[in-house]
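Heads up: the structure comes next, in structure tokens.
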Amino acid sequence: MRLNTLEIYGGKPESAEAVLVYVPGKKREMRARELANGLRLDGVVYVSASVWRRDTQLCCPLHAASSDSFWIGDAVTVVSNLIEYLLARMNKRARIVLVGFREGARVAAEYLYRNSVRLDAIAFLNCVALSEKSVAEYCAEDLEGLPMLITLRDIEATALMENTWEAAAIFEDMGAQVDIRVYPNASLTEEGYEVRAFGSLMQRRLRIKGESFNAYH
């Protein structure tokens, strides 16, 4: 993987205490730099690789099995290759965290389902939907103790919210420590609540230092 295909912010992965792999939404509402500026965590390097085409479709042929499910294997491969690339270069004691925003949350979830790499934390921010069928069928990793944050907006369709709650319940059954939050009356462009909630998780569970997010426990 060529470095010029990546967006890297906050330093070099080789010297980081934690590396945060970020999968943005297809409209790129929040980029890695903006996420870093919102979190202000010490020793964290932010790395992002786009999985979207210019026409806002996933970088893979879409096959819709139903109105809310599709194959995103190529997008997951991009994330998988990136994480393998980083793990080969990171300090062995450094933590690796995966964060997906909007449609990127679905890509992050599919990565979790299909790969056995042990993550130190995962977050699905402002997520559109997480497939409970994929959890049951594909999940390759024991999730015991995995810190997980899921955030939703109550303006989303009821069916999508129910889908995500069902997936969260399965994650909990597999041992993940799930924190699911619904933000009422929040527009799709208000990311501050979710970013601060994620900052709180990073500080509490991974002992990452930085700006205090105690109010968002």
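Numbers given in this note's numbering equal positions in the sequence shown, counted from 1, plus 292.
Note that CB positions come from ideal geometry on N, CA and C, so glycine has one too.
Inset, instruction - Within 10 angstroms of the Cβ of Asn373, are there 16 or more other Cβ atoms? Answer buried if so, exposed if not. - result: Within the sequence shown, residue 373 is the residue found at index 81, counting from 1. Asn373 is exposed by the Cβ-count criterion.
Inset, instruction - Consult DSSP for Glu458 and reduce its assignment to one of helix, strand or coil. - result: By 1-based counting over the sequence shown, the position of residue 458 is 166. Looking at Glu458 - three-state DSSP - the assignment turns out to be helix.
Inset, instruction - Using 10 angstroms around the beta-carbon of Gly491, count the other beta-carbons present and answer buried if the total reaches 16, otherwise exposed. - result: Taking the first residue of the sequence shown as position 1, residue 491 is located at position 199. By the 10 Å Cβ count, Gly491 comes out buried.
Legend entry - CA nearest to the CA of Gly484, picked from Met466, Asp366 and Leu417: Walking along the sequence shown from the start, residue 484 turns up at place 192. That would be Leu417, whose Cα lies nearest to the Cα of Gly484.
Inset, instruction - Below 8 Å on the Cβ atoms is my guess for Val313 versus Leu390; work out the distance and round it to an integer in Å. - result: Taking the sequence shown and counting its residues from 1, one reaches residue 313 at position 21. Taking the sequence shown and counting its residues from 1, one reaches residue 390 at position 98. About 5 Å; that satisfies the 8 Å criterion.
Inset, instruction - Look at the alpha carbon of Glu309 and the alpha carbon of Arg381, and state the distance between them as a whole number of angstroms. - result: The residue given as residue 309 occupies position 17 in the sequence shown. The residue given as residue 381 occupies position 89 in the sequence shown. Between Glu309 and Arg381, the C-alpha separation is close to 12 Å.
Inset, instruction - For Ala415, I'd like the list of residues in its chain whose CB is within less than 6 Å of its CB, leaving aside the five on either flank, ordered along the chain. - result: The residue labelled residue 415 in the question sits at position 123 within the sequence shown. These residues qualify, in order along the chain: Val391, Leu441 and Phe490.
Legend entry - Complete beta strand (DSSP E) runs within the stretch 354-412 (minimum length 3 residues, chain order): 356-358 and 387-393
Inset, instruction - Return helix, strand or coil for Ala308, following the three-state DSSP convention. - result: If you number the sequence shown from 1, residue 308 lands on position 16. It is coil, neither helix nor strand.
Legend entry - Reduced DSSP secondary structure (H/G/I, E/B, other) of Val343: Position 51 of the sequence shown, counted from the start, is the residue given in the question as residue 343. DSSP places Val343 in coil when its eight states are reduced to three.
Inset, instruction - Would you give the residue range spanned by the beta strand (DSSP E) that Glu486 belongs to? - result: Stepping through the sequence shown from its first residue, residue 486 is reached at position 194. That residue, Glu486, is in no beta strand (DSSP E); its alpha helix (DSSP H) goes Gly484 to Leu498.
Legend entry - Per-residue DSSP class, three states only, for Met322: For the purposes of this step, residue 322 is taken as the residue at position 30 of the sequence shown. Residue state, collapsed to three classes: coil.
Legend entry - Cut-off 7 Å between Cβ atoms - residues of its own chain near Val498, not counting five sequence neighbours on either side: Numbered from its first residue, the sequence shown carries residue 498 at position 206. The residue you asked about is not Val; residue 498 is Leu in the sequence shown. These residues qualify, in order along the chain: Ala310, Arg387, Asp412 and Ala413.
Inset, instruction - Check the C-beta distance from Val371 over to Val343 and give it rounded, since I have them as a contact under 8 Å. - result: Numbered from its first residue, the sequence shown carries residue 371 at position 79. Numbered from its first residue, the sequence shown carries residue 343 at position 51. Going by Cβ atoms, the distance from Val371 to Val343 rounds to 7 Å, so yes, they are a contact pair.
Inset, instruction - Measure from the alpha carbon of Glu402 to the alpha carbon of each residue in Pro476, Val315, Glu436 and Arg385, then state which is nearest. - result: Translated into positions along the sequence shown, residue 402 becomes position 110. Ranking Pro476, Val315, Glu436 and Arg385 by Cα distance to Glu402 puts Val315 first.
Legend entry - Other residues of its chain near Gly467: CB distance less than 8 Å, five sequence neighbours each side excluded: Within the sequence shown, the letter at position 175 stands for residue 467. Same-chain partners within the cutoff: Asp434, Leu435, Glu436, Gly437 and Leu438.
Legend entry - 9 Å Cβ cutoff met for Tyr338 and Glu395: The sequence position of residue 338 within the sequence shown is 46, counting from 1. The sequence position of residue 395 within the sequence shown is 103, counting from 1. Taking 9 Å as the Cβ cut-off, Tyr338 and Glu395 do not qualify as a contacting pair.
Inset, instruction - Give the secondary structure of Leu327 by DSSP, where H, G and I count as helix, E and B as strand, and everything else as coil. - result: For the purposes of this step, residue 327 is identified with residue 35 of the sequence shown, where counting begins at 1. Three-state DSSP puts Leu327 in a helix.
Inset, instruction - Would you tell me roughly how many angstroms separate the C-alpha atoms of Ile364 and Ala341, rounded to the nearest one? - result: Indexing the sequence shown from 1 puts residue 364 at position 72. Indexing the sequence shown from 1 puts residue 341 at position 49. About 15 Å.
Inset, instruction - Could you tell me the distance, in whole angstroms, from the CA atom of Leu331 to the CA atom of Tyr377? - result: Here residue 331 refers to the residue found at position 39 when the sequence shown is read from its first residue. Here residue 377 refers to the residue found at position 85 when the sequence shown is read from its first residue. For Leu331 and Tyr377, the distance between alpha carbons rounds to 24 Å.
Inset, instruction - From the DSSP output, in three-state form, read off Glu464 for me. - result: In the sequence shown, residue 464 corresponds to position 172, counting from 1. Correct three-state label for Glu464: helix.
Legend entry - 9 Å Cβ cutoff met for Asn407 and Val368: As a first step, residue 407 must be located in the sequence shown, where it is residue number 115. As a first step, residue 368 must be located in the sequence shown, where it is residue number 76. Yes.
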